[in-house]
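Protein chains in written order, with the working numbering: chain A, 1 to 276; chain B, 1001 to 1276.
The C-beta atom is built at its ideal place from N, Cα and C for all residues, glycine as well.
In this text the structure is predicted, and so the values were computed from the model without any measurement.
Structure first, then comments.
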C-alpha cells in the first residue's frame, strides 16, 4: 500500500523535507509518495492544502503523514484539522526548549532564512566561496591555492566539481580542485602546482565501472569512457595517493552531502557557518 | 548568558543542524554557540563527545542543548548520559510513526544518504544539473536553453550564479542564467537569445546599495561598482521586467535557499527529487 507524506512549511520547507526524509528512510518496506509544500503562509493556502490532503487520503485508502515546520500558530491550527497523522515539529520541541531557556520563543515566520545584518556576512562568505570554487575549478587557476581551505584532486569525472561547490554553498569552505591527467600519472612526483600545498590536498577515487558509466554519458564509446581506460586511471591515481600519503575517499556509494561531510571530518576542516 | 548547542549525528549531521538552527532561531534574545558533530558512530567517539559536552556545560555555567539525529541505539544511550538537555529527534518521532505504519523501522545508520541503486539516478540527475548550470552560466552558451527548466536573468552580481547552482544541487533543476548588460538595457526588446524562451525567464533584482557593496569587493572604486551606476542598471532592468511582464524577485533580504525556493514556488517549478 502506498502512503503519501507531505512536508509542509511556511518557509522554504528545507528543514521539514530533510527531517521527513530521514525519518521515512527508516521504513524500508513502505512505498512513500513525497510532496513538499513550502510557503504555506496564508489561511487560504492552508485551507486549500487541507482539502488536497484529505483527497489524497481518500485516494490512497490510508491517511497521509504530515511533517511540518510551520511557525505561525493560526496556520498550524488549520493544517491540524486535516485527516492525517501530524508530526508537528515546532510544537513538539519548542515547549521544552522554552522551559529550559526560561523564555518565550518568537513565533515569527521563516526566522532562520530571513537575512539579518549579522547573516549578511555569512551570505557574502558563501557567495565568495562559490565564486572561488568556480574560478578554481578543474585546475583552471592554480595561483590562488594559498587561500584554499582544501584542494580536491582526482581523475576526470570522479565528482570533484559538485563536491567543491557543495562544500562552498553549504559550509562556506574555499574548495579548489585539480584534475589528475594521464601526464600527471606518468610522473612519480606530484604535479608542480600542487607541491607547495601538500597539506591541503585530498583525493577522490571511484569504482572504474561507475566512472565508465558517467564518462559514457558525456562521450559515448570513446577511449576516454572505456572500462579499460577507467581501470587504468583509477589504479594509478590510487597508487599516487598511497605513494604521497594523501588521504582519499571512494565516492562511488555516497551522496554529495556524504562525500563532503566525510572529507571535512577526515581532513579536520570546520564548517565556517558553525563557529566553535 | 551564553548557551552552547550541539548538533549530533551518526551520519552527515545536516538534518540535525537544519532542524537545530530552525528551533534556536526562535529564541532571539539568547546568544548561542553552535557546534556540529557528524559521524559520531563509535562508542569511543560518543564517550569523548560526552566528556566535551560536560566540560562545556561547566564552562558555560549552564547545561548545553543537544539536538541529535542518531539512529544507532547504543550510541544514543551513551550520549543521553551527558549533563545536557537532549532533544532526541528519532526517539520522539519514530515510535508514533511505527504505530501509524504498523511496522518496525530499520535502525540502520545513515539510511537517507547511503546510495542505493534507485538513488543513483537521482545522484546522476543532480550532477547533470550542476554541470548544466556551470556550462550555461553567465550567458556562456545559449543554444541549450531549450532543455532549461528556468533561465534566470539580471544585472551583473545580483546573485544569479549561486541561485542556479543551488537549484541544481538541491533540487536537480536545470537552471541557466543570462546577464543583462548595458547594451541589453538600451534595447526595448528582449535580448535575441532569450526571445524564444519568454515563458522560462525569471528576473532577479537587488537594492542598488547592496549591489554596489558586492561589486566593490570585486572591483573597488570602479565605475562598475559605483552607487550611481548600480542605481541606473537596477532601475532599468526593473523597467525591462515590467515592460515584458517578467516575474521577478528582490534578492536583497533573502538567503540563497529562500531565493531559490521562492522562485520555484512562483514559477511553478517542481523539485525533481520529490515526485508528486
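Alpha helix (DSSP H) segment containing residue i, residue limits
i: residue 178/A; result: Not the alpha helix (DSSP H): residue 178/A falls in the beta strand (DSSP E), residues 175 to 179.
i: residue 1088/B; result: Not the alpha helix (DSSP H): residue 1088/B falls in the beta strand (DSSP E), residues 1085 to 1088.
i: residue 1170/B; result: 1160 to 1171
i: residue 291/A; result: Any answer about residue 291/A is impossible in this case: the structure gives chain A only from 1 up to 276.
i: residue 56/A; result: 43 to 60
i: residue 232/A; result: 227 to 243
i: residue 1269/B; result: Where residue 1269/B is concerned, there is no enclosing alpha helix (DSSP H), given that its DSSP letter is neither H nor E.
i: residue 186/A; result: 182 to 186
i: residue 73/A; result: 73 to 79
i: residue 1023/B; result: 1014 to 1024
Interface flag, residue i vs chain A, CB-CB below 8 Å
i: residue 1066/B; result: no
i: residue 1208/B; result: no
i: residue 1204/B; result: no
i: residue 1026/B; result: yes
i: residue 1277/B; result: Chain B is shown from 1001 up to 1276; residue 1277/B falls before or after that span and cannot be answered.
i: residue 1103/B; result: yes
i: residue 1123/B; result: yes
i: residue 1109/B; result: Residue placement at residue 1109/B is flagged as unreliable, the pLDDT there being 48, under the threshold of 50; the coordinate-derived value follows with that caveat. No, because no Cβ of chain A sits closer than 8 Å to the Cβ of residue 1109/B.
i: residue 1147/B; result: no
i: residue 1019/B; result: yes
i: residue 1113/B; result: Because residue 1113/B carries a pLDDT of 47, less than 50, the predicted location of this residue cannot be relied on, and no value is offered for it.
i: residue 1087/B; result: yes
Contacts that residue i makes with chain A (C-beta to C-beta distance below 8 Å)
i: residue 1055/B; result: Correct list: empty, because the minimum Cβ distance to chain A is about 13 Å.
Cβ of residue i within 8 Å of any chain B Cβ
i: residue 274/A; result: Low local confidence applies: a pLDDT of 44 at residue 274/A is under 50, so the model's placement there is unreliable, with the coordinate-based value given in what follows. Yes, residue 274/A counts as interfacial toward chain B.
i: residue 73/A; result: no
i: residue 106/A; result: yes
i: residue 263/A; result: no
i: residue 97/A; result: yes
i: residue 8/A; result: no
i: residue 47/A; result: no
i: residue 100/A; result: yes
i: residue 227/A; result: no
i: residue 271/A; result: yes
i: residue 69/A; result: yes
Contacts of residue i in chain A (Cβ-Cβ under 7 Å)
i: residue 1156/B; result: Ordered by position in chain A, no residue passes the 7 Å Cβ test against residue 1156/B, which lies about 12 Å from the chain.
i: residue 1013/B; result: 261
i: residue 1023/B; result: 93, 94 and 97
i: residue 1127/B; result: 162
Segment limits, beta strand (DSSP E) that includes residue i
i: residue 67/A; result: 65 to 69
i: residue 1003/B; result: 1002 to 1008
i: residue 1153/B; result: 1150 to 1154
i: residue 1040/B; result: Here residue 1040/B belongs to no beta strand (DSSP E), and DSSP marks it neither H nor E.
i: residue 1250/B; result: 1248 to 1250
i: residue 201/A; result: 201 to 205
Member of the options whose CA lies at the smallest distance from the CA of residue i
i: residue 1232/B; options: 1208/B, 1255/B and 1243/B; result: 1208/B
i: residue 1269/B; options: 1171/B, 1062/B and 1165/B; result: 1171/B
i: residue 147/A; options: 154/A, 129/A, 6/A and 155/A; result: 129/A
i: residue 1206/B; options: 1188/B, 1168/B, 1255/B and 1094/B; result: 1255/B
i: residue 157/A; options: 263/A, 12/A and 234/A; result: 234/A
i: residue 138/A; options: 165/A, 124/A, 121/A and 122/A; result: 165/A
i: residue 1023/B; options: 1089/B, 1218/B, 1135/B and 1259/B; result: 1089/B
i: residue 247/A; options: 72/A, 259/A and 266/A; result: 266/A
i: residue 253/A; options: 1038/B, 1121/B and 1218/B; result: 1121/B
i: residue 950/B; options: 1155/B, 1153/B and 1132/B; result: The shown model of chain B, from 1001 to 1276, leaves out residue 950/B, and the question about it has no answer.
i: residue 185/A; options: 55/A, 215/A and 242/A; result: 242/A
i: residue 201/A; options: 249/A, 227/A, 9/A and 210/A; result: 249/A
i: residue 1085/B; options: 1066/B, 1073/B, 1101/B and 1071/B; result: 1066/B
i: residue 1075/B; options: 1048/B, 1063/B and 1092/B; result: 1048/B
i: residue 1180/B; options: 1237/B, 1106/B and 1230/B; result: 1237/B
Interface residues of chain B facing residue i [CB-CB closer than 9 Å]
i: residue 50/A; result: Ordered by position in chain B, no residue passes the 9 Å Cβ test against residue 50/A, which lies about 17 Å from the chain.
i: residue 78/A; result: Ordered by position in chain B, no residue passes the 9 Å Cβ test against residue 78/A, which lies about 19 Å from the chain.
Chain A residues whose Cβ lies nearer than 9 Å to that of residue i
i: residue 1189/B; result: Ordered by position in chain A, no residue passes the 9 Å Cβ test against residue 1189/B, which lies about 30 Å from the chain.
Query raised in the report: Name the residues in the stretch 1029 to 1041 of chain B whose C-beta lies less than 7 Å from a C-beta of chain A; which are they?
Result: 1029, 1030, 1034, 1035, 1036, 1038 and 1039
Query raised in the report: What residues in the stretch 1233 to 1261 of chain B have a beta carbon less than 9 Å from any beta carbon of chain A?
Result: 1252, 1253, 1254, 1255, 1256, 1257, 1258, 1260 and 1261
Query - Contact residues within the stretch 165 to 181 of chain A, judged by C-beta distance below 8 Å to chain B - result: 165, 166, 169 and 170
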